[in-house]
Amino acid sequence: MIRNLFLAGLSSAGLALAALSLAACGEQPVSRPPCPQGKICLTIGNTSEPATLDPHKSTGTWEDRIQSDLFVGLTQSAADGSAIPGMAERWEVSSDGLVWTFHLRQALWSDGVPVTADDFVYSLRRVLDPNTASEYASLIFLIKNAEAVNSGKAPLEALGVRAVDPRTVEITLNHPAAYLPELTRHHVLYPVPKHVVEKWGDQWIKPGKLVSNGPYVLADWRLGDNVHIVKNPKFWEASSVCVDEVYFYPTTDAISAERRVARGELDINTDISSNRIARLRKTMPGYVHTNTYLGLTYIAFNRRPNSKVPAFKDLRVRQALAMAIDRDFIARGLLRGGQLPANTKVPPGVANYKPSPGPYWATWPLAKRQAKARELLAAAGYGPDHPLKFELKHRNSADPMQFTPALQSDWKEVGVHVTLAQQEGQVSYADYRVRNFEAADAAWIADYNDPTSFLDMEKSNYGPQNYGDYNNPAYDALMMKADNEPDAGKRADYLREAETMMLNDAPIAPLYFYINKNLVNPKITGFIDNLVDHHRTRWMCVKGAR
Numbered sequence: 010m011i012r013n014l015f016l017a018g019l020s021s022a023g024l025a026l027a028a029l030s031l032a033a034c035g036e037q038p039v040s041r042p043p044c045p046q047g048k049i050c051l052t053i054g055n056t057s058e059p060a061t062l063d064p065h066k067s068t069g070t071w072e073d074r075i076q077s078d079l080f081v082g083l084t085q086s087a088a089d090g091s092a093i094p095g096m097a098e099r100w101e102v103s104s105d106g107l108v109w110t111f112h113l114r115q116a117l118w119s120d121g122v123p124v125t126a127d128d129f130v131y132s133l134r135r136v137l138d139p140n141t142a143s144e145y146a147s148l149i150f151l152i153k154n155a156e157a158v159n160s161g162k163a164p165l166e167a168l169g170v171r172a173v174d175p176r177t178v179e180i181t182l183n184h185p186a187a188y189l190p191e192l193t194r195h196h197v198l199y200p201v202p203k204h205v206v207e208k209w210g211d212q213w214i215k216p217g218k219l220v221s222n223g224p225y226v227l228a229d230w231r232l233g234d235n236v237h238i239v240k241n242p243k244f245w246e247a248s249s250v251c252v253d254e255v256y257f258y259p260t261t262d263a264i265s266a267e268r269r270v271a272r273g274e275l276d277i278n279t280d281i282s283s284n285r286i287a288r289l290r291k292t293m294p295g296y297v298h299t300n301t302y303l304g305l306t307y308i309a310f311n312r313r314p315n316s317k318v319p320a321f322k323d324l325r326v327r328q329a330l331a332m333a334i335d336r337d338f339i340a341r342g343l344l345r346g347g348q349l350p351a352n353t354k355v356p357p358g359v360a361n362y363k364p365s366p367g368p369y370w371a372t373w374p375l376a377k378r379q380a381k382a383r384e385l386l387a388a389a390g391y392g393p394d395h396p397l398k399f400e401l402k403h404r405n406s407a408d409p410m411q412f413t414p415a416l417q418s419d420w421k422e423v424g425v426h427v428t429l430a431q432q433e434g435q436v437s438y439a440d441y442r443v444r445n446f447e448a449a450d451a452a453w454i455a456d457y458n459d460p461t462s463f464l465d466m467e468k469s470n471y472g473p474q475n476y477g478d479y480n481n482p483a484y485d486a487l488m489m490k491a492d493n494e495p496d497a498g499k500r501a502d503y504l505r506e507a508e509t510m511m512l513n514d515a516p517i518a519p520l521y522f523y524i525n526k527n528l529v530n531p532k533i534t535g536f537i538d539n540l541v542d543h544h545r546t547r548w549m550c551v552k553g554a555r
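Residue numbers (our numbering): 10 to 555.
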């Protein structure tokens, strides 16, 4: 099945099966990059073109998929999505929960230089260095002095991380965080090679320069075409890595990608148009993978003083827009992939979570909500003679292309005129981060399994990813109480109270909770559906390959 089922050097029977498969499709010849004889190569549809491969500057799941094959943090994701030891073989925490000590395994960068504790110290300081402009810096504000360092009020050396010896990293926190081993597998905590970054500067991520510590190294990056990675012989467990080469392709058109999977051009695609899932289960049996996901789709309102829609600064307007949405239709009637309507920001099933009741109108029927929305809009000065008008900027991926017209229709029902503006995903998020939008369709996937992964985003100090620019001192105070509360039950109560407060303030409007959706050739082994949708290539192989 050379060029069809990703394994070069198969038997004649396998080749015959490939020919039959292609003939049955009745489509154009399969186009795949060449795979060296005797090697195993995978092609993966990855939704978007990466903006960067620098783990300290990236923000997208499509970038993380590539980076997680190139780099390994203190912890990493197992095939089932659980957090397991990575660069750290073991760790312990002080009795007060503030000081974590990670003991590193012996490992090399792909250029043969040892990975040491100094690399982790350098990397965490680099993330928080204001000159790096990492949009994920706030994720590690739990480290002692991190926020002061990031704001330029303290030197890099003040950060609560140190190398005890070449193979021991000590991290001191501002408050206890039992979820730290979950967090340390996030890409913003990946180590980067100091000796390479300081030599090449921003060019260090280019092919021929990038040095990694994970199971793969970067071979090539053809913008708009593919990112090509190959097995890293210096990886500490290289002998257990089955797949030799991987090509990641941007696949913004989910239906086109679906056809490429059917033809054998792609072995995996990391998205499916939700309303096609039932059909694909019949036409491509064994390919469809769906699972509960720690993710949310929501609408953010630009409330900055220079916003083109001053109305968004009015609480009545934001509440009206949030309550007028028919979430049940969007999730169950339109998408039909298993998504759940969302009136809260934190999905059900998140660890250490006491569900919020949602905003005050959450249990009302749609007709009552829309009537109240008209009333609120009228009180704010908007009605048939003076309709509220704004643009909704949205991603051009499969599901937003389906549900944004439904939003447009829901808001029209309450007298609001909305125009839609679609963009490629990474372009949209770039605009969202600099607030170049009026209203924005966005999604958030948990960085770790805890309510704070969703609720910290609304803290006033969170930065560019607080798209709704929520700034409520009472909310911040509750979140701080939760951070410093050792009793898990009381902590959950504080988080519940904070979430309910934020939802009633409506800086955002939750829409639905995610499922993860992948098309996977049944020949692939080691692809295990999981809550975080982490599928690292190092765990995958092909049936009968080795």
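All C-beta atoms, glycine included, are put in the ideal place defined by N, C-alpha and C.
Since the model is a prediction, treat every value here as computed from it, not as a measurement.
Classification of Q328 by the beta-carbon crowding that lies within 10 angstroms, buried from 16 upward:
buried
According to DSSP, is P409 helix, strand or coil?
helix
Inter-residue Cα distance where the pair is L24 and I334:
Because L24 carries a pLDDT of 33, less than 50, the predicted location of this residue cannot be relied on, and no value is offered for it.
In chain order, each beta strand (DSSP E) run of at least 3 residues that lies wholly inside the region 436-480:
448-454
By alpha-carbon positions, which one of V425, P356, M549, P139 ends up nearest to Y457?
P356
Helix, strand or coil for P482 per DSSP?
helix
Ordered along the chain, which non-local residues of its own chain (more than five positions away) have a Cβ less than 7 angstroms from that of H184?
L151, D492, N493
Looking at the strands, I want to know which residues DSSP matches up with D138.
None, per the DSSP bridge assignment.
Rounded to the nearest angstrom, what separates E179 and A97 at their Cα positions?
11 angstroms
Please classify N470 as buried or exposed, where buried requires at least 16 other C-beta atoms within 10 Å of its C-beta.
exposed
Are the CB atoms of P216 and K240 nearer to each other than 9 angstroms?
no
Identify the continuous beta strand (DSSP E) that holds A309 and give its terminal residues.
297-310
Helix, strand or coil for G553? Go by DSSP, reduced to three states.
coil
Can you check whether the CB of V205 is closer than 9 angstroms to the CB of K218?
yes
Taking DSSP's pairing of strands, which residues face N235 in a bridge?
R231
For V529, which residues from the same chain have a beta carbon less than 7 angstroms from its beta carbon, with the 5 sequence-adjacent residues on both sides left out?
I277, Y296, H298, F536
Could you compute how far the alpha carbon of W420 sits from the alpha carbon of V427?
7 angstroms
Please tell me whether N525 and D502 are closer than 9 angstroms, where the distance is taken between their beta carbons.
no
Opposing strand residues paired with T534 [DSSP bridges]
C550
According to DSSP, residues forming a beta bridge with G392:
H395
Can you check which of these residues, E400, A351, T193, A371, is closest to T110 by C-alpha distance?
T193
For P396, which residues of its own chain have a beta-carbon under 6 angstroms away from its beta-carbon, when the five flanking residues on both sides are left out?
G424, H426
If we count the other Cβ atoms within 10 Å of its Cβ and call it buried at 16 or more, is Q46 buried or exposed?
exposed
Residue from N222, K291, K402 whose Cα sits closest to the Cα of F80
N222
Between A331 and A518, how many whole angstroms is the CB-CB distance? I'm expecting something under 8 angstroms.
4 angstroms
Contact between the region 112-128 and the region 433-442 is defined here as three or more beta-carbon pairs at a separation below 8 angstroms; is this criterion met?
no
Distance CB(A146)-CB(G472) smaller than 9 angstroms:
yes
Do you know offhand how far P364's Cα is from S283's?
26 angstroms
Endpoints, the alpha helix (DSSP H) within which G347 is located:
Where G347 is concerned, there is no enclosing alpha helix (DSSP H), given that its DSSP letter is neither H nor E.
Might you give, ordered along the chain, the residues of its own chain that have their beta carbon closer than 8 angstroms to the beta carbon of A497, omitting 5 neighbours on each side?
N361
Between H403 and V197, which are expected to be in contact by the criterion C-beta below 8 angstroms, what is the C-beta distance as a whole number of angstroms?
That belief does not hold up - the Cβ atoms of H403 and V197 are roughly 26 angstroms apart, past 8 angstroms.
Beta-carbon proximity of R545 to S248, cut-off 9 angstroms
no
Are the Cβ atoms of D514 and N539 separated by less than 9 angstroms?
no
Write down the C-beta distance between P414 and Y521 rounded to the nearest angstrom, noting that I regard them as a contact closer than 8 angstroms.
About 15 angstroms; that fails the 8 angstroms criterion.
Taking only three categories from DSSP, how would you classify A430?
strand
Does the region 505-513 come close enough to the region 53-71 that 3 or more CB-CB pairs lie under 8 angstroms?
no
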